[in-house]
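**Q** FYI, in this note's numbering the residues of the sequence shown are -9 to 331. The structure that follows is given in the form of structure tokens.
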Amino acid sequence: MVTTSDWLKGRVSDILLSEIGDVGIAEELEQQLLQGALSGLEIPEFLPTEKPYEVWLEQRFRFQLIWLDRDDYVRALVRALWLAPKFAATDFGGARQRDFAQVWTDTARGFLGEIALQKFLKEKLNTEVALDVRRGELEEFLPSDIKIKDQTSHGFRPTKIGLSIKTTKFNGRWLDLPGAQFDHSDAFVLVKIGISRMHFSAFLKDISFLRDKLFAVAKHLGELSDNQAEELWKETPNFTSIPAYVAGFIEKRELTMPIHQISCNLKGRKNKRIVISHGVGLFSLSTARTHPDVRKIDPSGTLPIEVEPIIDSLTEGKHFLAHSGALKFGYDAWKELVSRF
């Protein structure tokens, strides 16, 4: 019996290593990526044959892998800097507000996903698109404003179908969008970004902010000696290319709403709850509770409902969710989608 770890371990990291050049980072990102692919049902954990793994590795991961460089990271950080103050102020009503620096880098990751899709369409499908980088109200930036290059006029026009892009980390399994964004889009794309824990500090090193600015001030204040500054400089990793895996897309027109697909079970002895592990559709407390699979587990409709591992307890606020294994992928699927742009 072939397992994912047996067959894919080393193959993914070898692909990543070709650009990253650091074995430790490549192996760390491989572990995260396979965790997300397995939990999202992109690939099963056990199979009697290697064929499905080959399909995922070659037709999905390798084909839909894009590399982002320092210039892409700068673009994402600057675009995020326009919007991060708005996100930091609202934080979408979060009980625990993040500080500005975290909001900034988190927002930049979202822009990296958009840039990755732009590069993917150009490099793999010879389709040139432009992203809207205007500064505007927060709600204006929920759907992605993408324009396609017109082959006749050679200018850019709005796409004929609305597209939303969700960016997550390599280990993510869910495409998760606000319900309002679902209403304004026709197709939804998930991009997984492989950023290591030290990536932002590596970027600050790469642009010499650490040595020329921060360390210089620290030495003036007596906080660092020359030797300590050099030690910190050497301990900070160098900036490497960022892998972006365009995991796939799903189209609204092919879904039966509100919930197209769901996989759930009962968990807990004392604190019983329903846990949704996979699914596609508009999920809220009411849409989930009225689904036959949920009613079979909880006829009284009183148990809390969790979406593993991203939502502790569903409320009436709607989320459009799709696990990554439910997404379309491969050249033919993408080509058909692009033909309707």
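All C-beta atoms, glycine included, are put in the ideal place defined by N, C-alpha and C. Here the structure is a predicted model, which is why all the values come from computation and not from measurement.
1) Nearest-angstrom Cα distance between W164 and G30?
2) Looking at the structure shown, is R69 part of a helix, part of a strand, or coil, going by DSSP?
3) Residues in the same chain with beta-carbon distance under 7 angstroms from F239, minus the five sequence neighbours each way, listed in chain order, please.
4) With DSSP run on the structure shown, which of helix, strand or coil describes K137?
5) Could you tell me which uninterrupted alpha helix (DSSP H) segments, each at least 4 residues in length, are contained entirely in the region 149 to 233, listed from first to last along the chain?
6) Within 10 angstroms of the Cβ of R69, are there 16 or more other Cβ atoms? Answer buried if so, exposed if not.
7) What are the uninterrupted segments assigned as beta strand (DSSP E) that are 3 or more residues long and contained completely in the region 231 to 268, given in chain order?
8) Name the DSSP beta bridge partners of H313, please?
9) With 16 other CB atoms within 10 Å as the buried threshold, where does K308 fall?
10) Ends of the alpha helix (DSSP H) at W57?
11) Given a cut-off of 9 angstroms, decide if K209 and D202 are closer than it, judged by their beta-carbon atoms.
12) Is the beta carbon of S186 sitting closer than 9 angstroms to the one on L167?
13) Around the C-beta of T158, are 16 or more other C-beta atoms found within 10 angstroms, so that it is buried, or is it exposed?
14) With a threshold of 8 angstroms, are at least 3 pairs of Cβ atoms found where one atom belongs to the region 215 to 233 and the other to the region 137 to 155?
15) Taking K221 as the reference, give the member of T97, L24, L200, R263 with the closest Cα.
16) Considering only C-alpha positions, which residue in the set V265, V45, V207 is nearest to I252?
17) Output yes or no for whether 9 angstroms exceeds the beta carbon distance between P233 and L58.
18) Within 10 Å of its beta-carbon, does V13 have 16 or more other beta-carbons around it, so buried, or fewer, so exposed?
**A** For this structure:
1) 7 angstroms
2) helix
3) A177, F178, V179, L317, K318, L327
4) strand
5) 169 to 173, 189 to 196, 205 to 210, 216 to 225
6) buried
7) 232 to 241, 249 to 257
8) W164
9) buried
10) Segment 55 to 58 is the beta strand (DSSP E) holding W57; no alpha helix (DSSP H) there.
11) no
12) no
13) buried
14) no
15) A quick correction: the sequence has Glu, not Lys, at residue 221. Among T97, L24, L200, R263, the Cα nearest to that of E221 is on L200.
16) V265
17) yes
18) exposed
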